[in-house]
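Asker: So that we are looking at the same thing, I have put the structure below in structure tokens.
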Amino acid sequence: MLSPGHGKPRSELTGLAEELASRGYVVAAIDHTYESIATTFPDGRVTTCVTCEIEKTPEWWVGLVKSRARDVSFVLDRLTGPRAAWKGARLIDPSRIAMAGHSVGGAGTIPALLSDSRVRAGIDIDGTTDMAIPEGGLSRPFVFLGKPSTYTPGQGEAAAATWERDWERLTGWKRRLLLTGAEHLSFTDLGVLVDQLGLDASAGISGARAMAVTRAYVTAFLDRHLRRGHRPLLDRPSPGYPEIKHCAPESRTCR
229 MLSPGHGKPR SELTGLAEEL ASRGYVVAAI DHTYESIATT FPDGRVTTCV
279 TCEIEKTPEW WVGLVKSRAR DVSFVLDRLT GPRAAWKGAR LIDPSRIAMA
329 GHSVGGAGTI PALLSDSRVR AGIDIDGTTD MAIPEGGLSR PFVFLGKPST
379 YTPGQGEAAA ATWERDWERL TGWKRRLLLT GAEHLSFTDL GVLVDQLGLD
429 ASAGISGARA MAVTRAYVTA FLDRHLRRGH RPLLDRPSPG YPEIKHCAPE
479 SRTCR
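In terms of the numbering used here, the sequence shown opens at residue 229 and continues consecutively.
Shown next, in the form of structure tokens:
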């Protein structure tokens with residue numbers, strides 16, 4: 229399951245979706261109705277981004293990620309229920325489902341994991357976690373993948389503090405990774421498109437390279453926790469991907 233950022237279409241995650249599909253995963257990317265610039269339905273109806281015009285508060289963002297989690301559960305019901313909407317639904321193993329998202333789509337992985345036991349693992353890509361993990365903790369595998377300018381441990385920004393709060397409440401397998409040189413859009417297709425258009429996104433890494441790194445680490449995580457395959461890429465810094473830093477929030481270090 230893939231979830232895009234607020235105001236963005238699911239197509240911004242096409243590169244990641246194609247990578248996962250090429251490796252045998254069934255990928256469902258969600259256009260969250262009224263949260264995307266335009267969502268087109270099979271009958272030709274088009275909805276716009278109603279939420280883009282709403283004044284945002286911390287409580288509003290919490291409500292939004294809860295809504296994202298409900299969307300994920302609805303789609304899973306339609307894909308794995310007794311009257312599946314997709315003719316290829318038999319290809320889906322309901323015991324091996326994970327969610328990844330970018331920005332608020334990444335933040336939405338936490339309420340999805342908390343509310344739906346079918347989601348076995350989650351990846352938050354550069355998304356501030358507005359909804360905190362309860363004090364009882366979350367034991368399913370989880371990865372934070374973000375940009376250093378916002379999510380370096382101990383940096384003091386409010387966004388980094390949300391990751392540090394939730395890191396302490398992740399009681400299962402977990403990693404906190406930073407992509408050197410990345411900006412917010414670097415993890416999506418937009419980073420590649422910006423480079424092709426010759427626009428300045430202030431990123432210290434090319435869009436194509438950031439996409440390749442994101443693909444590699446998301447795939448390694450899913451292979452490890454959905455296919456039970458050992459992926460040393462997640463255990464230590466890799467000479468093949470020197471841009472990725474493994475962080476230990478407890479000691480406020482990244483290497």
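Think of the CB as a built atom: it goes at the ideal place given N, C-alpha and C, for glycine as much as any other residue. Please read all numbers here as calculations on a predicted model, not as lab measurements.
Could you check the C-alpha separation between G426 and R437 for me, to the nearest Å?
Answerer: Indexing the sequence shown from 1 puts residue 426 at position 198. Indexing the sequence shown from 1 puts residue 437 at position 209. Spanning the two alpha carbons is a distance of roughly 16 Å.
Asker: Which runs of the beta strand (DSSP E) fall wholly inside the region 332-405 and span at least 3 residues, in chain order?
Answerer: Within the region 332-405, the complete beta strand (DSSP E) runs of at least 3 residues are 347-353 and 370-374.
Asker: Quick one: what does DSSP say T308 is sitting in, helix, strand or coil?
Answerer: As a working mapping, residue 308 is identified with position 80 in the sequence shown. If DSSP states are grouped into helix, strand and coil, T308 belongs with the helices.
Asker: Using a threshold of 7 Å, state whether the C-beta atoms of L398 and L366 are closer than that.
Answerer: Position 170 of the sequence shown, counting from 1, holds the residue named residue 398. Position 138 of the sequence shown, counting from 1, holds the residue named residue 366. Closer than 7 Å, so yes.
Asker: Tell me V274's beta-bridge partners as DSSP assigns them.
Answerer: Working through the sequence shown from its first residue, we reach residue 274 at position 46. T268.
Asker: For I320, which residues of its own chain have a beta-carbon under 7 Å away from its beta-carbon, when the five flanking residues on both sides are left out?
Answerer: On the sequence shown, position 92 is the one that residue 320 refers to. Taken in chain order, the residues that qualify are V254, L307 and T308.
Asker: Would you mind stating whether R296 and G336 have Cβ atoms separated by less than 7 Å?
Answerer: Here residue 296 corresponds to residue number 68 of the sequence shown, with the count starting at 1. Here residue 336 corresponds to residue number 108 of the sequence shown, with the count starting at 1. Yes; because the gap between Cβ atoms is below 7 Å, this pair is in contact.
Asker: What are the boundary residues of the beta strand (DSSP E) that G329 is part of?
Answerer: Residue 329 sits at position 101 when you count from the first residue of the sequence shown. Its beta strand (DSSP E) spans residues I325 to H330.
Asker: Do L462 and A440 have their C-beta atoms within less than 7 Å of each other?
Answerer: For the purposes of this step, residue 462 is identified with residue 234 of the sequence shown, where counting begins at 1. For the purposes of this step, residue 440 is identified with residue 212 of the sequence shown, where counting begins at 1. In this structure, A440 does not lie closer than 7 Å to L462 by Cβ.
Asker: Determine the direct distance from the alpha carbon of R298 to that of S231, and round the result to whole angstroms.
Answerer: Position 3 of the sequence shown, counted from the start, is the residue given in the question as residue 231. Position 70 of the sequence shown, counted from the start, is the residue given in the question as residue 298. Cα-Cα distance, rounded: 12 Å.
Asker: Grab me the residues of V303's own chain with a C-beta within less than 8 Å of its C-beta, minus the 5 sequence neighbours each way, in chain order.
Answerer: Counting from 1 along the sequence shown, the entry for residue 303 is found at position 75. These residues qualify, in order along the chain: M229, A256 and I258.
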